[in-house]
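Here is the structure we will look at.
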Amino acid sequence: MDALLSLRQKLGPGMIGLVWLNATLVVIADFVQGQPQPLLDLGISLAIAILCLGIWRQDRTGTQTMMATAIANAVLVSMLVYAFRGSPLQSDMHMYFFAVLAIMTMWVYLPAIIAFSAVVAVHHTAFYFLFPFAVFSGDSDFSRVVLHAAVLVFETAALAILIRIVTTSMKSAESLAQEAQEAQAAGEALRIDNLKIQTTAAEERIQAFETAEKEAKATMKRAIRGLELALTRLAKGELNFQIDEPFDEAFEGLRQHLNDTIRQFADVLASVVEAVVIIDGNSREISASANDLSRRTESQAASLEETAAALGSLTSNIQQTSENTLKAHGMARTATDNAAHSSTVVTEAEDAMRRIEESSGKIASIISVIDEIAFQTNLLALNAGVEAARAGEAGKGFAVVAQEVRELAQRSANAAREIKQLISASSSEVEGGVRLVRNAGSALQSISGSIQDIGTLIGTIADAAKDQSLGLKDVNSAIGDMDKTTQQNAAMVEESTAAAMTLAAQAEQLKQMVDHFTLPERGRQNRTASRSEPLRMSA
1 MDALLSLRQK
11 LGPGMIGLVW
21 LNATLVVIAD
31 FVQGQPQPLL
41 DLGISLAIAI
51 LCLGIWRQDR
61 TGTQTMMATA
71 IANAVLVSML
81 VYAFRGSPLQ
91 SDMHMYFFAV
101 LAIMTMWVYL
111 PAIIAFSAVV
121 AVHHTAFYFL
131 FPFAVFSGDS
141 DFSRVVLHAA
151 VLVFETAALA
161 ILIRIVTTSM
171 KSAESLAQEA
181 QEAQAAGEAL
191 RIDNLKIQTT
201 AAEERIQAFE
211 TAEKEAKATM
221 KRAIRGLELA
231 LTRLAKGELN
241 FQIDEPFDEA
251 FEGLRQHLND
261 TIRQFADVLA
271 SVVEAVVIID
281 GNSREISASA
291 NDLSRRTESQ
301 AASLEETAAA
311 LGSLTSNIQQ
321 TSENTLKAHG
331 MARTATDNAA
341 HSSTVVTEAE
351 DAMRRIEESS
361 GKIASIISVI
371 DEIAFQTNLL
381 ALNAGVEAAR
391 AGEAGKGFAV
401 VAQEVRELAQ
411 RSANAAREIK
421 QLISASSSEV
431 EGGVRLVRNA
441 GSALQSISGS
451 IQDIGTLIGT
461 IADAAKDQSL
471 GLKDVNSAIG
481 DMDKTTQQNA
491 AMVEESTAAA
501 MTLAAQAEQL
511 KQMVDHFTLP
521 ERGRQNRTAS
531 RSEPLRMSA
């Protein structure tokens with residue numbers, strides 16, 4: 001069965017790959033589960049995989065290869081279950097037996113399925129009695145083995161039925177393909193017979209066609225001669241002719257269409273000539289207007305550039321003025337602060353002068369007391385002198401003392417009087433100083449208010465200058481945009497001028513090309529064609 005053999009050849013590498021995959025899983029499981037003899041399992045798995053690979057290379061679809069891969073996969077899955085001994089996943093790994101058994105169905109070979117199932121059955125039965133921990137984890141009875149065996153038998157039976165169906169289907173398909181090939185061969189023979197009949201009929205038609213072809217060649221020769229003459233005159237640029245001599249019925253329509261085409265082509269070229277003249281004149285006018293517009297645009301661009309430069313300078317000056325105004329505003333604010341500070345100092349000076357005035361009043365009071373004391377002392381000294389005079393010699397010493405006291409009291413009174421005069425003069429000066437300090441405070445308050453007003457005005461001027469500077473910047477930007485637009489317009493005008501000149505040159509070239517054709521005589525206002533020259537064909 002070629003189809004089954006082809007299927008096994010395609011699936012062979014995958015089946016060998018499954019053997020190597022299971023061998024790798026055994027080694028990985030040993031290391032992951034921490035089993036004590038991973039190298040032994042590695043050697044056994046590697047030996048099984050290499051043996052299967054060698055058998056497969058000798059015969060890729062042979063029975064030995066299919067049996068070897070089935071038995072090898074069963075053994076490797078058993079080793080994988082053994083590698084999970086002591087793990088709760090050991091019981092779950094039994095499902096891998098059934099999965100690999102289903103994969104073995106891809107060989108479409110029933111003995112391989114039976115061999116795999118037999119190895120699994122022997123493994124479960126023997127190891128259950130010899131090494132139960134190599135099959136199931138924990139305590140289990142023989143009923144579990146029986147259950148697994150029943151499932152294995154059912155799956156093997158189902159897979160056997162499936163293999164039987166697939167094999168039967170492939171045989172039927174090959175039989176149908178063979179019948180189709182036989183039917184195709186019979187159809188090919190019938191087709192050859194039909195071709196022979198058709199060939200005979202075709203030969204008869206060819207003879208009739210050759211006779212008709214000779215007659216058609218003669219007719220075509222006359223028509224071609226007329227067309228050749230017409231095309232020759234067309235090649236020379238002549239459009240003032242018509243083919244008047246009629247052709248045979250098969251080519252008469254061609255003659256009429258050619259005459260109509262020549263007539264319409266002549267009308268079109270006449271219209272083209274008139275349009276070329278108009279285009280040439282208009283292009284020259286456009287070129288002149290574009291040149292004039294270009295000059296005016298260049299002049300406008302120069303004016304805008306000068307305006308932009310002047311506005312830039314003005315904007316810079318106004319910006320500088322705005323900065324200076326801001327500085328002046330700051331200086332005015334500083335002067336206002338200084339004036340406020342000076343007003344505070346003057347107020348303090350006024351308070352100090354007031355305290356000096358109060359102290360002077362107190363000193364004057366004290367001096368008045370001293371003056372009264374001196375007056376009383378003088379009276380006492382006078383009384384003492386009188387009493388000493390009454391005492392005679394006994395009172396002379398006391399009289400001298402009384403005289404000294406009197407003189408001292410007199411000097412104290414004089415000194416107190418002078419001090420009082422000085423204090424009075426000082427009080428007058430202090431009052432004048434207080435008045436001057438008050439006047440200075442009022443002047444400083446007035447100056448501070450004026451400076452604040454000046455600062456407010458300078459702030460307003462600074463804001464206005466700032467707004468004006470921003471406005472001029474916007475105007476300068478707008479003029480810059482206008483300058484760019486004008487430059488772009490100038491470039492577009494130059495392009496338009498170049499395009500107009502190119503159009504004029506192309507119109508002149510088109511006019512020269514149209515002058516190559518010879519058109520029928522026509523009036524300026526009426527485009528109806530005059531009598532065309534007939535085309536004569538030689539016999």
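The numbers in UniProt numbering rise by one with no breaks, and the one at position 134 of the sequence shown is 134. Every residue, glycine too, gets a C-beta built ideally from N, C-alpha and C.
Selection from I113, A99 and L25 that minimises the alpha carbon distance to residue 543: Missing from the structure shown is residue 543; the chain here goes from 1 to 539 and no further.
Distance CB(S360)-CB(V430) smaller than 8 Å: Yes, these two residues count as a Cβ contact at 8 Å.
6 Å Cβ shell around A384 - same chain, five flanking residues per side excluded: A402
Sheet register partners of T168 (DSSP bridge): As DSSP reads the structure, T168 sits in no beta bridge.
Inter-residue Cα distance where the pair is D325 and I461: Checking the sequence, you will find Thr at residue 325 rather than Asp. Those two C-alpha atoms are separated by around 7 Å.
Continuous alpha helix (DSSP H) stretch holding F98: start and end: Counting along the chain, the alpha helix (DSSP H) containing F98 begins and ends at M95 to M104.
Inter-residue Cα distance where the pair is A409 and S365: 18 Å
Alpha carbon of Q58 to alpha carbon of T199, nearest angstrom: 56 Å
Best match in E357, L190, A340 and A180 for proximity to L432 [C-alpha to C-alpha]: What sits at residue 432 in the sequence shown is Gly, not Leu. Ranking E357, L190, A340 and A180 by Cα distance to G432 puts E357 first.
Backbone CA spacing between N489 and A266 [nearest angstrom]: 42 Å
Residue range of the alpha helix (DSSP H) that includes A394: No alpha helix (DSSP H) contains A394, which DSSP labels as neither H nor E.
Those residues which DSSP pairs with T518 across a bridge: E238
Inter-residue Cα distance where the pair is T344 and I458: 25 Å
Other residues of its chain near G12: CB distance less than 8 Å, five sequence neighbours each side excluded: W56, R60, T61 and T65
6 Å Cβ shell around R527 - same chain, five flanking residues per side excluded: Because R527 sits at a pLDDT of 44, beneath the cut-off of 50, its placement in the model cannot be relied upon, and the point is left open.
Residue interval of the alpha helix (DSSP H) (run including S45): P38 to Q58
Sub-8 Å separation of A425 and D371 beta-carbons: no
Buried versus exposed call for I48 [16 or more other C-beta atoms within 10 Å across all chains shown]: Sixteen is the threshold: when 16 or more other Cβ atoms of the shown chains lie within 10 Å of the Cβ of I48, as they do, the residue is buried.
Whole-angstrom distance between V273 and N259, CA atom to CA atom: 21 Å
Three-state secondary structure (DSSP) of G62: coil
Reduced DSSP category for Y82 - H, G, I as helix; E, B as strand; rest coil: helix
Selection from I71, L80, V100 and Q487 that minimises the alpha carbon distance to V32: L80
Contact check, N291 vs T497, beta carbons under 8 Å: yes
Selection from N378, A491, M353 and G392 that minimises the alpha carbon distance to L436: Of the listed residues, the one whose Cα sits closest to L436 is M353.
8 Å contact criterion, which Y96 and V77 should meet: CB distance rounded: 5 Å
The segment 280-287 touching the segment 244-262, judged by at least three CB pairs closer than 8 Å: no
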